[in-house]
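Numbering (my numbering), first residue to last: 709 to 883.
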C-alpha cells in the first residue's frame with residue numbers, strides 16, 4: 709500500500725481538495741446570511757417630497773443602500789436594464805411625491821426590478837421596500853422588467869458551470 713504511485717496521487721489530490729473545501733466554506737459564508745451592502749436603488753420622482761423620501765430611505769438603511777432619485781419611470785427602467793441600479797421605487801399616494809410620470813404619485817407604490825441581473829438583489833430590494841409600502845397602508849406592486857431565461861430561472865447556471873470547470877481544472881493540473 710506504500711507504492712510511490714499511490715503516494716504521488718494522494719499528495720497531488722490534497723491541493724484540489726483544500727481548494728474545494730475553501731470554496732465551499734467561502735460560498736457558505738457568503739450565502740448563509742446575505743445582507744445588502746451599498747445596494748444601488750432609485751426613487752422615482754422630481755419634486756422635493758421625492759428627494760426627502762429618498763433621503764429618509766437612505767438614512768434608515770445606512771450603508772445597506774445607495775439611494776438616488778430619477779425623474780421618470782422610463783429613466784428607472786433604463787438604469788435597471790443597464791444594471792446601474794438593482795431596484796427602483798415608484799411612490800404611491802401615501803408619500804405625496806410627484807413621480808414625474810404624470811400620475812402625481814397616485815395609486816399603489818410600484819417596485820421595479822430586473823431579476824435577470826441578480827435574483828438575490830431583486831429579492832433584497834423587495835424586502836427593503838415592502839415595509840415602506842406597508843407603512844403607507846398600500847400593497848406593493850412588483851414589476852420585473854428583465855426576467856431570467858425560463859431554462860435558467862435563477863440566472864446562476866453559467867456561474868455554477870464555471871465553478872465546476874474550475875474545480876476540474878485544479879484537479880487535473882495537480883494530478
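All C-beta atoms, glycine included, are put in the ideal place defined by N, C-alpha and C. Computed from a predicted structure; not experimentally measured.
Discussion item. Helix, strand or coil for residue 810? Go by DSSP, reduced to three states.
Written reply: Reliability of the predicted coordinates at residue 810 is poor, the pLDDT of 41 falling under 50, and the value obtained from them is presented with this limitation in mind. In the three-state scheme derived from DSSP, where H, G and I count as helix and E and B as strand, residue 810 is classed as coil.
Worksheet item: Going by DSSP, what residues sit across from residue 774 in a beta bridge?
Response: According to DSSP, residue 774 bridges with 748.
Discussion item. Buried or exposed, going by whether 16 or more other CB atoms sit within 10 Å of the CB of residue 868?
Written reply: The residue is exposed, with fewer than 16 neighbouring Cβ atoms inside 10 Å.
Worksheet item: Whole-angstrom Cβ separation of residue 775 and residue 798, contact assumed at under 8 Å?
Response: That belief does not hold up - the Cβ atoms of residue 775 and residue 798 are roughly 14 Å apart, past 8 Å.
Worksheet entry | Whole-Å CB distance - residue 772 paired with residue 743, under 8 Å assumed | About 7 Å separates the two Cβ atoms, so the contact holds.
Worksheet item: For residue 880, which option in 722, 711, 784 and 739 has the closest C-alpha, if you only look at C-alpha atoms?
Response: When only C-alpha atoms are compared, the closest one is 722.
Worksheet item: Who are the near neighbours of residue 777 in its chain, counting only those whose CB is closer than 8 Å to its CB and skipping five residues on each side?
Response: Excluding positions up to five away in sequence, the list reads 750, 751, 752, 753, 754, 758, 759 and 762.
Worksheet item: Taking the alpha-carbon positions, what's the residue 728 to residue 717 distance?
Response: In a straight line, the C-alpha of residue 728 is about 17 Å away from that of residue 717.
Discussion item. According to DSSP, is residue 851 part of a helix, a strand, or is it coil?
Written reply: In the three-state scheme derived from DSSP, where H, G and I count as helix and E and B as strand, residue 851 is classed as strand.
Discussion item. Under 8 Å: do the segment 834–847 and the segment 778–790 share three or more Cβ pairs, one atom per stretch?
Written reply: By the C-beta criterion, the segment 834–847 is judged not to be in contact with the segment 778–790, since fewer than 3 inter-stretch pairs fall below 8 Å.
Practice prompt. Look at the Cβ atom of residue 784, then the Cβ atom of residue 820, and state whether they are nearer than 8 Å.
Written response: Yes, these two residues count as a Cβ contact at 8 Å.
Worksheet item: Looking at residue 816 and residue 800, is the spacing between their C-beta atoms short of 8 Å?
Response: Yes.
Item to complete: Can you give me the Cβ contacts of residue 850 inside the same chain, cut-off strictly under 7 Å, excluding the 5 residues immediately before and after it?
Response: For residue 850, where only same-chain residues beyond five positions count, the Cβ hits under 7 Å are 819, 821 and 834.
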